[in-house]
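In the UniProt record's numbering, the protein residues as written are 1 to 287.
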């Protein structure tokens, strides 16, 4: 029995998860080439935190004895410079020419490696690898799956909000051919802003990202690491199958949570009707 606060998933996160699962299911049904990208970090003097230890050696054995045995690699005092590794993978394997290594400054393990990444590096990486992604897709539509790091979704034009200044709101409206009086106060500007956004599908309809406009740039190429070329396609396929299994589990959890919520609202005597049963009941009412 737990005494802590219950964990409740925020409604906005539930909606986002549902939107992602719907989009990825539609992409698979349309035979899109799904490509996943991510970043990680390495140090030039990295060593493993744990290793096998020979317990047959005495704790205070003389040096002559220790020289005859391998006691494992000692951990380095200084891990050296850190490098950020960016790459992309599909079911067919690592995308050729997609791996890029960025040497950063001296940072400790505790510091977030995202500080060494920015939108410029990421957008340049996209420009460099689009050609190779399309080659792997072989005529299919490419769907690139990324996480929600801030530099992945830089907006082409920042949308003003209620906290924006009068000058920022007026400048945005004029740039979108909305007439603005010189003597307008902030309340009037916000009303015009809300009217304009509502007529264009809201903030989501107006929000445009820089990455969406990069697909035409197909010039730059990079060399990939040789050891990544040897990664077998079967291993990549197993990773993709694991991702599909996680998505199916997430969909199942959404259904279970929804049914549990209905049971709590209406009582345990209420049964959950399937879509077919609801459709049949509607047809009977019409007759």
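Using N, Cα and C, we set each Cβ at its ideal position, and we do this for glycine too.
- According to DSSP, residue pairing for residue 41 in a beta bridge involves 84.
- Annotation: residue 85 to residue 257 spans about 38 Å, alpha carbon to alpha carbon.
- With respect to residue 156, residue 213 sits close: the two C-beta atoms are nearer than 8 Å.
- Two segments are said to touch when three or more pairs of C-beta atoms, one from each, lie closer than 8 Å; by this definition the stretch 130-140 does not touch the stretch 165-172.
- Membership of residue 30 in any beta strand (DSSP E) is not indicated, and neither H nor E is assigned to it by DSSP.
- Classified as buried, residue 96 has 16 or more neighbouring CB atoms from the shown chains inside 10 Å of its CB.
- Assignment of beta-bridge partners to residue 90 by DSSP yields 93.
- Residue pairing of residue 151 in beta bridges, as defined by DSSP: absent, with no partner found.
- A check of alpha carbon separations from residue 120 across 153, 94 and 22 identifies 153 as the nearest.
- Under DSSP, no beta-bridge partner is assigned to residue 163.
- Only buried fits residue 98, as 16 or more other CB atoms lie within 10 angstroms of its CB.
- Close CB contacts of residue 36 within its chain, under the 6 Å cut and outside five residues either way in sequence, are with 89 and 145 (chain order).
- Straight-line spacing of the CA atoms in residue 24 and residue 39 works out to 21 Å.
- By the neighbour-count definition (other C-beta atoms within 10 Å, threshold 16), residue 123 is a buried residue.
- Rounded to whole angstroms, the Cβ separation of residue 21 and residue 181 is 46 Å, and the two are not in contact under 8 Å.
- In the DSSP assignment, residue 101 falls outside any alpha helix (DSSP H) and within the unbroken beta strand (DSSP E) covering 100-103.
- By the Cβ-count criterion, residue 205 is exposed, with fewer than 16 other Cβ atoms from all chains shown falling within 10 Å of its own Cβ.
- Look at residue 256 here: in three-state DSSP terms it is helix.
- In the three-state DSSP reduction, residue 193 falls in the helix class (H, G or I).
- The C-alpha of residue 27 lies about 32 Å from the C-alpha of residue 196.
- Cβ-Cβ separation between residue 143 and residue 13: approximately 22 Å, too far for a contact (criterion under 8 Å).
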